[in-house]
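Residue numbers (our numbering), protein chains in the order written: chain E, 145 to 530; chain Z, 437 to 673. Yeah, the Cβ is synthetic: ideal placement off N, Cα and C, and Gly gets one too. Presented below is the structure to which this report refers.
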Ligand SMILES: Nc1ncnc2c1ncn2[C@@H]1O[C@H](COP(=O)(O)OP(=O)(O)OP(=O)(O)O)[C@@H](O)[C@H]1O
Ligand SMILES: [Mg+2]
């Protein structure tokens, strides 16, 4: 009877396409919006991901997320180094500074100052030049997207193309001269500000005069040392907050989840996709069953048991579900591929696929359930009613 | 005339009331009726007299309120839901006024449905269905969808479907009323020729006097009762 069920479904072209459209739409919207949502969420901690080396981040206990800088006394660096199980420590300066472009306009940049000797925390990928070039006088490394965009030199003539910032160009950061010695690629951050790398000591000369300039202490654990235990020890010894990179990512993400409306908006879009998909697919599927109710009645009269009918309807909804899911996820992937090189945040991890598969399965089950209820309750005697 | 032997259907004191309270409609008011094995019995009578209700009880798709209906020795009402469904699948063939073919299946697949319900493999079921289609003169149209067939042809497919699993009882509700006279006649001829046989009974509801000639016996109903049972349409006048 499985074959009868499939033929029934596919034979009713218009309804079948309607059901598919509903399910495709639902899985497309859920997958795509969830991927954008997740893309944005991973952006919130993009800088933590970019710095692969540190196992543990040490910071002021009041810090809530990566962009929430509350500087420490520089002596904290040595106190952390003294904790048992610490292999190395590196200072990190992170601050928003004003860069002055050649035409005199200002652009806020995120300045990252790396440990002068080890340069730990450098960009994940160099496009031009070497990280080592930071040791050259006044050297900075600029993120390539900004170099071509926000930090590019405006066109000399009206309507002309801006000239990208190149290696060898100079710019002024907080009235201090800086020379571009390299271009790098960094993960897009939530605010999408240009990122400029330099050494810690140079960053402190750029930064406005403040008593405290140490933003984070980056820590590498000795091999074999448990990171959770080590961060607990650092906390106990220094009174500072110490988080593993993963904990810090989650913390950052949670902060954005809690305090910005953007994730909520995407959550609503996902929910809407789910609801609309449920309504369209559920409705058309239920309608499909209703329209075939005489056929189901005839099958019932002719001796088809409720168990078999249930299996037939489940099969119909699962078939429609898998095809709709396939098309929807395919379209979402195509969307992701097409927008790959744009500003759009789009990440489709396995759990988004699993979650949308689960959602589509739920929609199918729900619509099947409605139909099954109808068919199980159906009196076969209706077949003789004209 | 086929020789009618032991009783295939034995109805005693069957009543059926639809609804309850002030809306109650008594459809059957105490039916006694026997259908013999190997006979073609017609149920006739004015609209609303309870023909469809009675045939539904006999076919095991509707439970009577009172009385008993034995079909080939089985008290159908007393069977559990599952057993009743299985009983219908094995024992009863159906022909409906509106054909009720599955529009997505071709003629052979439609005929094969009762076999598929009983778990016969698809290939074997369709092969057997094609043989049955030969018997209703539609062997060459086995691939056609119902929408590609005329009303008479669709009803012949439905007759094939009612026969394919060799049931002992075939019930038909108004099998010819959607067809013109000539086609209806042809359909009845085929039904009579292929469906009636030793060990198989037909119960046909009809108000179409032109097909009365095909009956072995005719039960004339009125207002929920069987008024009389006759062997020839002439006696009804
Ligand atoms: N599901 C139902 N609910 C309520 N009343 C019903 C139902 N089915 C039939 N009836 C009533 O029961 C009576 C008998 O109906 P039935 O369909 O058996 O008549 P019939 O002899 O087949 O009529 P027709 O020749 O018009 O098909 C009628 O009065 C009808 O209105
Ligand atoms: Mg009727």
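If the criterion is Cβ atoms closer than 8 Å, does the pair residue 581 of chain Z and residue 550 of chain Z meet it? Result no, Cβ atoms of residue 581 of chain Z and residue 550 of chain Z do not sit closer than 8 Å.
From the DSSP output, in three-state form, read off residue 533 of chain Z for me. In this structure, DSSP gives residue 533 of chain Z a state outside helix and strand, which the three-state scheme calls coil.
In the DSSP output, what is residue 509 of chain E paired with across the bridge? Answer is none; residue 509 of chain E lacks a bridge partner.
Sort E:243, E:266, E:229 and E:251 by Cα distance to residue 236 of chain E and report the nearest one. For the residues E:243, E:266, E:229 and E:251, the minimum Cα distance to residue 236 of chain E belongs to E:266.
Looking at residue 492 of chain E and residue 189 of chain E, is the spacing between their C-beta atoms short of 8 Å? The beta carbons of residue 189 of chain E and residue 492 of chain E sit no closer together than 8 Å.
Pick from Z:544, Z:593 and Z:490: whose alpha carbon is nearest that of residue 642 of chain Z? Looking from the CA of residue 642 of chain Z, the closest CA among Z:544, Z:593 and Z:490 belongs to Z:490.
Quickly, what does DSSP pair residue 633 of chain Z with across the bridge? List them, please. According to DSSP, which records beta bridges pairwise, residue 633 of chain Z is partnered with Z:636.
Check each residue's C-beta against every heavy atom of ligand 2 and list, in chain order, those closer than 7 Å. Checking every Cβ against the heavy atoms of ligand 2 under 7 Å gives E:528, Z:487, Z:488, Z:609, Z:610 and Z:641.
I'd like to know if residue 492 of chain Z contacts chain E, where contact means its C-beta is closer than 8 Å to some C-beta of that chain. Chain E contact via Cβ: present.
Using a Cβ-Cβ cutoff of 8 Å, what residues of the stretch 468-498 of chain Z are near chain E? List them in chain order. The stretch 468-498 of chain Z vs chain E, Cβ under 8 Å: 488, 491, 492, 495, 497 and 498.
Should the stretch 442-459 of chain Z be called in touch with the stretch 497-512 of chain Z, which here means at least 3 C-beta pairs below 8 Å? Proximity of the stretch 442-459 of chain Z to the stretch 497-512 of chain Z meets the contact definition, three or more beta-carbon pairs being nearer than 8 Å.
Could you run through the stretch 577-594 of chain Z and flag, in chain order, every residue whose CB is less than 7 Å away from some CB of chain E? Those residues of the stretch 577-594 of chain Z that come within reach of chain E (Cβ to Cβ, closer than 7 Å) do not exist; the list is empty.
Could you compute how far the alpha carbon of residue 280 of chain E sits from the alpha carbon of residue 488 of chain E? Spanning the two alpha carbons is a distance of roughly 35 Å.
Residue 463 of chain Z: beta carbon under 7 Å from a heavy atom of ligand 1? Yes, Cβ of residue 463 of chain Z sits closer than 7 Å to a heavy atom of ligand 1.
Alpha carbon of residue 516 of chain E to alpha carbon of residue 546 of chain Z, nearest angstrom: Going from the Cα of residue 516 of chain E to the Cα of residue 546 of chain Z covers about 22 Å.
Kindly list, in the order they appear in chain E, the residues whose Cβ is closer than 8 Å to that of residue 501 of chain Z. Neighbours of residue 501 of chain Z on chain E: none; closest Cβ ~14 Å, over 8 Å.
So, does the CB of residue 438 of chain Z fall closer than 8 Å to a CB anywhere in chain E? Because residue 438 of chain Z sits at a pLDDT of 40, beneath the cut-off of 50, its placement in the model cannot be relied upon, and the point is left open.
Between the stretch 437-457 of chain E and chain Z, which residues of the former have CB atoms less than 9 Å from a CB of the latter, in chain order? Within the stretch 437-457 of chain E, the qualifying residues are 438, 439, 441, 442, 443, 444, 445, 446, 447, 448, 449, 450, 451 and 452.
Can you tell me whether residue 521 of chain Z is buried or exposed, with buried defined as 16 or more other CB within 10 angstroms of its CB? With a 10 Å radius around the Cβ and a threshold of 16 neighbouring Cβ atoms, residue 521 of chain Z comes out buried.
CB-CB length for residue 153 of chain E against residue 419 of chain E, believed under 8 Å: 24 Å between Cβ atoms; not a contact.
If we count Cβ pairs, one from each stretch, closer than 8 Å, do we get three or more for the stretch 628-638 of chain Z versus the stretch 471-483 of chain Z? They touch, by the three-pair rule.
Between the Cα of residue 548 of chain Z and the Cα atoms of E:474, E:342, E:147 and E:399, which residue gives the shortest distance? For the residues E:474, E:342, E:147 and E:399, the minimum Cα distance to residue 548 of chain Z belongs to E:147.
Rounded to a whole number of angstroms, what is the C-alpha to C-alpha distance between residue 475 of chain E and residue 468 of chain E? Taking the straight line joining both Cα atoms gives about 11 Å.
Once you ignore the five residues that flank residue 629 of chain Z on each side, which residues in its own chain have a CB closer than 7 Å to its CB? Cβ neighbours of residue 629 of chain Z beyond the five flanking positions: none.
Where residue 243 of chain E and residue 331 of chain E are concerned, what is the direct C-alpha to C-alpha distance, given to the nearest angstrom? Straight-line Cα distance between these residues: approximately 20 Å.
Neighbour flag for residue 600 of chain Z against chain E, beta carbons, 8 Å: So, not an interface residue.
Just to confirm, are residue 422 of chain E and residue 505 of chain E a CB contact at a threshold of 8 Å? No; because the gap between Cβ atoms is not below 8 Å, this pair is not in contact.
Considering only heavy atoms of ligand 1, does any lie closer than 7 Å to the CB of residue 455 of chain Z? Yes, the Cβ of residue 455 of chain Z comes within 7 Å of a heavy atom of ligand 1.
Counting only Cβ pairs nearer than 7 Å, list the residues of chain Z close to residue 524 of chain E. Taking a Cβ-Cβ cut-off of 7 Å, the neighbours of residue 524 of chain E in chain Z comprise 497, given in sequence order.
Check the Cβ-Cβ distances between residue 151 of chain E and every residue of chain Z, and say whether any is below 8 Å. Yes, residue 151 of chain E counts as interfacial toward chain Z.
What is the DSSP secondary structure of residue 498 of chain Z, counted as helix, strand or coil? Reduced to three states, the DSSP call for residue 498 of chain Z is coil.
On the three-state DSSP scale, how would you describe residue 656 of chain Z? Three-state result, residue 656 of chain Z: strand.
With three or more C-beta pairs closer than 8 Å as the rule, is the stretch 587-605 of chain Z touching the stretch 513-530 of chain Z? Three or more beta-carbon pairs drawn from the stretch 513-530 of chain Z and the stretch 587-605 of chain Z are found closer than 8 Å, and the two stretches are therefore classed as touching.
Examine ligand 1 and report whether any of its heavy atoms sits within less than 7 Å of the Cβ of residue 481 of chain Z. Correct: residue 481 of chain Z has its Cβ closer than 7 Å to ligand 1.
Euclidean distance between Cα positions of residue 253 of chain E and residue 355 of chain E: C-alpha separation (whole angstroms): 21 Å.
Could you check whether the Cβ of residue 484 of chain Z sits closer than 7 Å to any heavy atom belonging to ligand 4? Of the ligands this structure carries, namely ligand 1 and ligand 2, none is ligand 4.
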